[in-house]
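Undergrad:
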Amino acid sequence: MDPFSITFWQAVGMAMLCGGVIGIERELSDKPAGIRTSSLVCLGAMLFVKMGVLIDGPSGDPARILGQVITGIGFLGAGVMFARGKSVKGVTTASTIWVLAAIGAMIGFGYIAGAFAVTLVVLAVLTLFGLLDKWLTGHDVVD
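When the letters of the sequence shown are read in order and numbered with the working numbering, they come out as residues -7 to 135.
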């Protein structure tokens, strides 16, 4: 992971783009975990995976590092969910944070086109399914 290589900065840019696009949707929907959080989650996951891929020797297991990223993201996601009465708020935001880490991991492993495609799918889920949910229930979507 040479910080002076073009491929490193392409991965950084793609992580920021994918996270940023999803974060903009969250901001426009007035939901938590907007553009900064989304970009940083995607970027962080990408960096950890890249470091795991580059480590040589018996400790260089990218799957173990990815597992720890997933665990950390789980704690972050749990922090944005809370119960109020009989409902739980923040589940969509927590799920979005979780999938942002997966997108960042894809970029870290070199699957940049796939990561961009998944970003578009996530945008479709957040926007179109939100409209569908509103149409089916007759009220604004609760995160």
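For every residue, glycine included, the Cβ atom is placed at its ideal position computed from N, Cα and C. Please read these numbers as outputs of a predicted model, since none were measured by experiment.
With C-beta atoms as the reference, is residue 17 less than 7 angstroms away from residue 115?
TA: The residue labelled residue 17 in the question sits at position 25 within the sequence shown. The residue labelled residue 115 in the question sits at position 123 within the sequence shown. The answer is yes: Cβ separation under 7 angstroms.
Undergrad: On a Cα-Cα basis, can you pick out the residue from -3, 7, 45 that is closest to residue 30?
TA: The sequence position of residue 30 within the sequence shown is 38, counting from 1. If we check each option's Cα against that of residue 30, 7 comes out closest.
Undergrad: List, from N- to C-terminal side, the beta strand (DSSP E) runs of 3 residues or more that fit wholly inside the stretch 42 to 93.
TA: As far as the stretch 42 to 93 is concerned, its whole beta strand (DSSP E) runs of at least 3 residues are 74 to 76, 79 to 81.
Undergrad: Taking all protein chains shown into account, decide if residue 78 is buried (16 or more other Cβ within 10 angstroms of its Cβ) or exposed.
TA: If you number the sequence shown from 1, residue 78 lands on position 86. Exposed is the call here.
Undergrad: In or out: residue 42 buried (at least 16 other Cβ within 10 Å) or exposed?
TA: Counted from its first residue, the sequence shown places residue 42 at position 50. So residue 42 ends up on the buried side.
Undergrad: Three or more beta-carbon pairs under 8 angstroms between the stretch 81 to 90 and the stretch 64 to 71, yes or no?
TA: Result yes; three or more Cβ-Cβ pairs closer than 8 angstroms.
Undergrad: Could you pull out every residue in the same chain whose Cβ sits closer than 6 angstroms to the Cβ of residue 96, ignoring the five residues on either side in sequence?
TA: Taking the sequence shown and counting its residues from 1, the one referred to as residue 96 is at position 104. Excluding sequence neighbours, residue 96 sits near 7, 34, 37, 38.
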